[in-house]
Amino acid sequence: MYPYVRELLRRRFPTSKGWVIKERERRNGYEPDYIVERRRSNKIERHIFEVKKEPKAREEHVRQVNRYAKYLSGPNVEIKSKNIIYPAGADVSGLPPDIRALKLRKFKVGNQNSRPKKTSQKKKSQKGHTPRRKSAKRRRNWNALL
1 MYPYVRELLR RRFPTSKGWV IKERERRNGY EPDYIVERRR SNKIERHIFE
51 VKKEPKAREE HVRQVNRYAK YLSGPNVEIK SKNIIYPAGA DVSGLPPDIR
101 ALKLRKFKVG NQNSRPKKTS QKKKSQKGHT PRRKSAKRRR NWNALL
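Using the numbering used here, the first residue of the sequence shown is number 1, and each one after it goes up by one.
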């Protein structure tokens, strides 16, 4: 999931415009998953991104991102946006307007209540039978003709 997030951030914040993507070291719990920042004159612009694999936005997520914003802001640091990244299909209706929700299309939230479909059983007479090609004609090797 994280490589796809990095691709998404790189498309939105190109290096050519001065953006630097910093990924969190996994052992440290005081930082968000990604910080995207750039220097402009004497100011630093920062965007905070937290990645969640859960199907619904919760109050804990909001508190966590707000805490990160508080710790990462300063006199010369401007927090431009606070973002939480969820899988596609996640319910993000509970997020406040100051926190943006991004959804990854590569990952979708599945319905936990549904059962997997049953696979049909083969008849005993068809067990081990390989299906015949639809066309009885021989296929041409076009590379040999060229």
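Backbone N, C-alpha and C fix where the C-beta goes; we use that ideal spot for every residue, glycine too.
Contact annotation: Asp33 and Phe49 have beta-carbon atoms nearer than 7 Å. Short of 6 Å from the beta carbon of Tyr68, and not among the five residues preceding or following it, lie these beta carbons of its own chain, in chain order: Pro32, Ile48. By the criterion of a C-beta distance shorter than 6 Å, Lys106 is surrounded in its chain by Tyr4, once the five residues flanking it on both sides are discounted. Within 10 angstroms of the beta-carbon of Arg46 lie 16 or more other beta-carbons, which makes it buried. Secondary structure of Arg100 (DSSP, three-state): strand. If you look at Pro14, you'll find it isn't in any beta strand (DSSP E); DSSP assigns it neither H nor E.
Residue pairing from DSSP places Pro87 in a beta bridge opposite Leu104. Taking C-alpha positions only, Leu104 is separated from Tyr86 by approximately 6 Å.
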